[in-house]
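Oh and the sequence shown: position 331 is 331 in the numbering used here, straight run, nothing missing.
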Amino acid sequence: MRISRVEQQARTRRAVLTAARAEFAERGYPEAKIDRIAERAELTRGAVYSNFPSKRALYLAVLLDGTKPVRERDPWAPVAEHKRATGHAAEQEQRSGADGGLEALDVPGAVEAFARLWLERLPLAYDDNTAGRLRARSLTGVFDDDERGRAALAQITWLEALLLAVALESCRARGAGRRVRLAELILTMLHGAATLAETAPGFGDAFDVTGACRHLAGLDVADEWNPPYLPYVAPARPVAEAWVSPGEVVDELSGHSFEVGDGVVVLLGAGRLGSAEDAVRSARPGEVVTVAIVTDDPAETGALVRLRLTDLATMLRQIFGPAFRPSLRLVLDESGALASAIGATPAFDTETSVRIRSGEMVARSDGRGAGHATAIARETP
1 MRISRVEQQA
11 RTRRAVLTAA
21 RAEFAERGYP
31 EAKIDRIAER
41 AELTRGAVYS
51 NFPSKRALYL
61 AVLLDGTKPV
71 RERDPWAPVA
81 EHKRATGHAA
91 EQEQRSGADG
101 GLEALDVPGA
111 VEAFARLWLE
121 RLPLAYDDNT
131 AGRLRARSLT
141 GVFDDDERGR
151 AALAQITWLE
161 ALLLAVALES
171 CRARGAGRRV
181 RLAELILTML
191 HGAATLAETA
201 PGFGDAFDVT
211 GACRHLAGLD
221 VADEWNPPYL
231 PYVAPARPVA
241 EAWVSPGEVV
251 DELSGHSFEV
261 GDGVVVLLGA
271 GRLGSAEDAV
281 RSARPGEVVT
291 VAIVTDDPAE
301 TGALVRLRLT
311 DLATMLRQIF
321 GPAFRPSLRL
331 VLDESGALAS
341 AIGATPAFDT
351 ETSVRIRSGE
361 MVARSDGRGA
371 GHATAIARET
381 P
């Protein structure tokens with residue numbers, strides 16, 4: 001039976017991904033060759049490049065293809081296991097009644113659970129080091145010669161710190177203040193552990209790193225949000241433009257679909273992700289901000305954003321469950337539909353924000369601090 005062109009393209013893509021995974025697992029990213037991948041797949045070099053524009057794009061596609069959701073299990077299991085292993089006294093695990101999810105966690109326990117899930121994917125000392133890097137979604141060497149890629153990685157990490165922070169801010173003792181600096185310290189320690197797992201296999205102990213992350217939650221760090229540029233941000237422009245919803249989009253933090261309606265929407269390119277906090281902190285009490293990420297480079301920058309942020313969001317959902325009530329929604333606007341509805345052009349440095357009210361865009365801002373300007377914009381009747 002003859003297969004369709006679409007089916008043939010899907011088979012070719014799958015063959016390339018399978019061959020590429022074997023090549024990257026055997027030789028690592030720096031030493032992998034497109035010619036060998038084509039030979040493994042029994043295809044031409046051109047066939048590989050017709051599906052993936054670069055070796056970097058192919059490597060990211062392999063990592064995304066191999067990413068599976070964190071397995072469903074008791075989110076407190078890592079914490080309880082660590083306490084048994086280290087002799088700590090057991091804590092009472094609080095659960096909500098109807099849905100079996102978690103009530104708000106305490107910060108040290110949440111940090112410990114996050115660290116355990118994060119560390120589980122790292123290669124063990126007896127693992128094949130090159131193949132272990134694939135399992136760990138290692139990016140070592142992938143962006144060494146790409147200034148734009150390194151800039152995107154920095155911005156992604158700042159956004160990851162914000163997402164982890166707002167999760168920790170939802171724990172018990174709400175109103176205890178900003179926890180972004182704590183989140184940055186935790187990510188610094190965990191990324192350092194990942195680097196050592198690659199360069200010095202067997203060094204360090206996951207239980208010790210997890211315990212150290214827990215202790216970080218008790219540090220007294222001055223953590224204020226007061227960017228020096230905010231007083232110089234131009235006010236949002238009043239507008240009266242019809243809002244035509246692009247339909248349902250997925251909130252990566254909750255995993256649920258929703259339709260963008262009243263409130264603040266911030267569109268950020270990969271080079272501006274650190275600006276998400278401008279809108280989150282400036283939003284009105286109880287208002288949820290929609291942060292949408294756009295890209296003009298889906299094969300590389302877009303794949304990198306999806307790889308890192310969906311991985312983090314999966315872990316946060318696993319740990320916090322129904323207790324996670326963040327002050328933002330996170331949308332990966334890969335099709336550009338949301339950007340088009342707002343009237344913005346996806347680019348690396350896109351930073352555009354609008355306020356929607358009753359089916360109309362009533363305020364708009366572009367450039368640095370756009371989310372802040374729109375969040376504090378006064379609405380006229």
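Glycine included, C-beta positions come from ideal geometry on N, C-alpha and C.
- Within the segment 216-294, complete alpha helix (DSSP H) segments of at least 4 residues are found at 276-282, given in chain order.
- Under DSSP, the beta-bridge partners assigned to THR352 are LEU267 and ASP366.
- Under the three-pair Cβ rule at 8 Å, the segment 44-57 counts as touching the segment 8-26.
- For ALA57, the closest alpha carbon among the candidates LEU307, GLY336 and GLN155 is that of LEU307.
- Scanning ALA242, ARG284, ALA370 and ALA299 for the CA closest to the CA of SER340 turns up ALA242.
- The beta carbon of ALA206 lies closer than 6 Å to those of LEU119 in the same chain, with the five residues before and after it left out.
- Under the 8 Å Cβ criterion, the segment 223-238 does not count as touching the segment 318-327, having fewer than three qualifying pairs.
- If you draw a straight line from the Cα of VAL249 to the Cα of GLY202, it is about 43 Å long.
- The DSSP-derived three-state label of ARG357 is strand.
- Linking VAL331 to LEU64 through their CA atoms gives a straight-line distance of about 17 Å.
- In this structure PHE320 touches LEU105 by the C-beta definition: roughly 7 Å separates them, less than 8 Å.
- Close CB contacts of ASP278 within its chain, under the 6 Å cut and outside five residues either way in sequence, are with GLY369, GLY371 and HIS372 (chain order).
- Rounded to the nearest angstrom, the gap between the Cα atoms of ASP349 and ARG148 is 11 Å.
- Between the segment 247-264 and the segment 142-161, the count of C-beta pairs closer than 8 Å stays below three; the two stretches do not touch.
- C-alpha of THR290 to C-alpha of SER254: approximately 12 Å in a straight line.
- Per the Cβ contact rule, the segment 264-282 is in contact with the segment 157-171 (3 or more Cβ pairs under 8 Å).
- DSSP, read as helix, strand or coil, puts LEU43 in coil.
- Under the 10 Å beta carbon count, ILE37 is surrounded by 16 or more other beta carbons and is classified as buried.
- For the pair SER335 and LEU267, the CB atoms are not nearer than the 8 Å cut-off.
- Among the bridge pairs identified by DSSP, LEU332 is matched with ILE293.
- Sequence-distant Cβ neighbours of LEU134 in its own chain, meaning closer than 8 Å and more than five residues away, are ARG21, PHE24, ALA25, VAL62, LEU63 and GLY66.
- Where THR188 is concerned, the enclosing alpha helix (DSSP H) starts and stops at 180-199.
- Every alpha helix (DSSP H) stretch that sits fully inside the segment 105-134 and reaches 4 residues is listed by chain position as 107-120.
- For LYS55, the uninterrupted alpha helix (DSSP H) run begins and ends at 55-65, by DSSP.
- Non-local C-beta neighbours of ARG181 in its own chain, meaning closer than 7 Å and more than five positions away in sequence, comprise VAL221 and ASP223, ordered along the chain.
- Assigned with DSSP and collapsed to three states, ASP208 falls in helix.
- DSSP places THR345 in the coil class of the three-state scheme, outside both helix and strand.
- Sorting LEU328, ALA151, THR310 and GLU360 by C-alpha distance to the C-alpha of ALA270 places ALA151 at the top.
- With a threshold of 16 other beta carbon atoms within 10 Å, PRO123 meets it and is buried.
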